[in-house]
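Numbering (the numbering used here), first residue to last: 11 to 458.
Glycine residues also receive a C-beta, built at the ideal position from the N, C-alpha and C atoms.
A quick note: this is a predicted structure, and the numbers were derived from the prediction, not measured.
Just below is one structure, and these are the notes that go with it.
Okay, here's the thing in structure tokens:
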């Protein structure tokens with residue numbers, strides 16, 4: 011006869027609350043909810059920090075000339091000393107973490123790294139840096155999802171960090187679809203079918219958490235303008251070419267600054283505090299002269315979308331301050347500043363098409379420039395569409411993004427985040443080098 015107690019124990023072990031499948035579900039649920047809460051708190055703190063600096067700059071116009079350079083130098087020095095892996099966006103770190111998930115938990119996405127990342131990113135906004143919180147949110151979210159799986163004794167895979175990072179994008183922008191697209195285009199070099207459920211679940215739970223607490227807000231406001239087919243055929247290529255060129259220039263400039271052997275730049279790179287302080291001085295001078303280029307650029311972008319007059323040079327000025335911040339060695343992302351630069355690009359285009367709907371033209375510039383920088387057209391289109399509720403512009407946005415991607419690829423062969431992720435990978439061992447050599451050398455390949 012069948013031993014019922016023993017059979018029951020086997021069923022409980024395989025399908026009960028302590029079974030791997032249930033522990034994995036608890037890890038996903040707990041991690042995604044925590045990501046949504048942290049992303050929302052981080053957003054409020056970032057907005058508060060930006061507002062504090064704006065008040066300072068309005069009260070004493072000269073204060074940023076002192077605060078910003080000193081702040082850049084101090085934050086870059088702290089980052090280099092305490093947590094070098096916290097510098098920059100955070101997205102390249104997550105890409106590198108997917109190569110070796112277990113080692114990444116003690117290096118690229120460890121608790122110490124992400125705590126430093128959170129604190130210092132708030133610090134950069136307190137000193138007026140042209141930076142964003144979305145990239146850091148991705149790194150923090152990947153870490154949270156990793157620790158959730160560790161606590162539940164679930165083996166770490168690359169898909170865990172990809173799902174966490176995607177949930178971070180969803181929580182940062184309140185855009186679930188953009189989180190999924192970002193996971194496919196950027197975080198996962200080869201998107202595996204088995205991680206689909208993990209990514210979708212994490213993104214939806216994080217998005218629902220953020221939505222439930224903050225309400226159904228639209229990041230840049232609702233845009234109802236549309237473009238006709240004729241208008242799209244004229245405006246989309248112009249936006250794609252201009253945005254793609256400017257975005258590719260930004261990407262190449264970031265990569266070149268980190269690689270150049272030109273002695274003055276190499277000398278300054280060896281002295282991170284001095285280098286960051288000089289870059290902070292550039293940001294301060296441009297900011298004091300314009301009064302528009304501080305922080306994430308969210309307010310300026312929203313004003314341009316809604317039809318406010320902006321100087322023709324705003325896009326170039328914001329690009330310069332964002333570039334200076336991106337290469338300074340401080341923590342901080344480029345998502346929000348890039349969208350703000352893109353709004354400036356779109357404002358330039360409004361003068362070429364004065365009879366076209368102005369807000370729609372601005373969105374074409376935003377999606378084109380953002381695509382030129384990150385080379386992820388699908389993510390760019392979905393982010394712009396979800397953050398402006400501009401579903402009637404999906405086809406014009408997609409046309410601009412695809413043209414910008416082609417233009418950017420001709421100017422800069424490397425994709426920014428993928429190239430930056432290489433600096434966070436450990437140096438290859440002799441075994442790795444031999445395996446790579448054998449893979450490319452037909453003479454070393456065994457014959458069947």
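Residue nearest to residue 33 in terms of C-alpha spacing, selected from 216, 160, 434 and 215: 160
Within this structure, are the beta carbons of residue 296 and residue 306 separated by less than 7 angstroms? No, the pair does not count as a contact, with Cβ atoms beyond the cut-off.
Rounding to the nearest angstrom, what Cα-Cα distance links residue 130 and residue 92 in this structure? 11 angstroms
Segments of 4+ residues assigned as alpha helix (DSSP H) that fall wholly inside the segment 79-153: 101-107, 111-114 and 121-136
Spatial neighbours of residue 134 in its chain, beta-carbon cut-off 7 angstroms, leaving aside the 5 residues before and after: Result list for residue 134: 85, 141, 340, 341 and 342, in chain order.
Report the option in 80, 114, 156 and 404 whose CA atom is closest to the CA atom of residue 239. 404
Could you tell me the alpha carbon to alpha carbon distance between residue 241 and residue 81, rounded to whole angstroms? Straight-line Cα distance between these residues: approximately 46 angstroms.
Take the Cβ of residue 328 as the centre, count every other Cβ of all protein chains shown within 10 Å, and call the residue buried at 16 or more, exposed below. By the neighbour-count rule (16 or more Cβ atoms within 10 Å), residue 328 is buried.
Which whole runs of the beta strand (DSSP E) in the segment 20-71 are 3 residues long or more, in chain order? With a minimum length of 3 residues, no continuous beta strand (DSSP E) run stays inside the segment 20-71.
Starting from the C-beta of residue 431, find all residues in its chain whose C-beta is less than 6 angstroms away, skip the five residues before and the five after it, and write them out in chain order. 102, 105 and 106
Buried or exposed, going by whether 16 or more other CB atoms sit within 10 Å of the CB of residue 61? So residue 61 counts as exposed.
Report back the beta-carbon spacing between residue 231 and residue 316 to the nearest angstrom; my notes put them in contact at under 8 angstroms. 6 angstroms
Report buried or exposed for residue 266, applying the criterion of at least 16 other Cβ atoms within 10 angstroms of its Cβ. exposed
Beta-carbon within less than 8 angstroms of residue 256's beta-carbon, same chain only, minus the 5 sequence neighbours each way: which residues are those? Closer than 8 angstroms at Cβ, skipping near neighbours: 325, 329, 351, 355, 379 and 382.
What residues in its chain sit with their C-beta under 6 angstroms from that of residue 387, if we drop five residues either side in the sequence? 381, 411, 412 and 415
Residue 391 vs residue 407 beta-carbon contact at 7 angstroms: Yes, these two residues count as a Cβ contact at 7 angstroms.
Unbroken stretches of the alpha helix (DSSP H), 4 residues or longer, contained in the segment 147-196: 168-183 and 186-192
Is any beta-carbon of chain C found at less than 7 angstroms from that of residue 297? Checking the listed chains, one finds no chain C in this structure; it contains a single protein chain.
With residue 434 as the anchor, note down where its alpha helix (DSSP H) starts and where it stops. Taken as a continuous stretch (DSSP letters only), residue 434 belongs to no alpha helix (DSSP H), as it is neither H nor E.
Please classify residue 343: does DSSP put it in a helix, a strand, or coil? strand
Looking at C-alpha atoms only, which residue of 385, 401, 177 and 433 is the closest neighbour of residue 422? 385
Contact defined as beta carbons within less than 8 angstroms: I believe residue 136 pairs with residue 49. What is the distance between those atoms, to the nearest angstrom? With a Cβ gap of about 19 angstroms, residue 136 and residue 49 do not count as contacting.
For residue 29, which residues of its own chain have a beta-carbon under 6 angstroms away from its beta-carbon, when the five flanking residues on both sides are left out? Cβ within range, chain order: n/a, list empty.
What residue range is occupied by the uninterrupted alpha helix (DSSP H) comprising residue 328? 324-336
Relative to the C-alpha of residue 117, which candidate in 87, 332, 345 and 149 has its C-alpha closest? 149
Quick one: measure Cβ to Cβ for residue 337 and residue 264, integer angstroms, because I've assumed they're closer than 8 angstroms. 6 angstroms
Unbroken alpha helix (DSSP H) run spanning residue 285, endpoints: 282-300
Please look up how many angstroms separate the CB atoms of residue 43 and residue 194, rounded, as I've assumed it's under 8 angstroms. Between residue 194 and residue 43 the Cβ distance is about 23 angstroms, and since that is not below 8 angstroms, they are no contact.
How big is the Cα-Cα spacing for residue 234 and residue 320? 21 angstroms
With distance defined between alpha-carbon atoms, name the residue in 168, 171, 165 and 237 nearest to residue 370. 237
Do residue 79 and residue 291 have their C-beta atoms within less than 7 angstroms of each other? yes
Under the three-state DSSP convention, the category residue 317 falls into: Reduced to three states, the DSSP call for residue 317 is coil.
Please identify the residue among 163, 209 and 109 whose C-alpha is closest to the C-alpha of residue 151. Between residue 151 and the set 163, 209 and 109, the nearest pair of CA atoms involves 209.
Can you have a look at residue 271 and say buried or exposed, based on whether 16 or more other CB atoms are within 10 angstroms of its CB? exposed
Collapsed DSSP secondary structure at residue 277 in the structure displayed: helix
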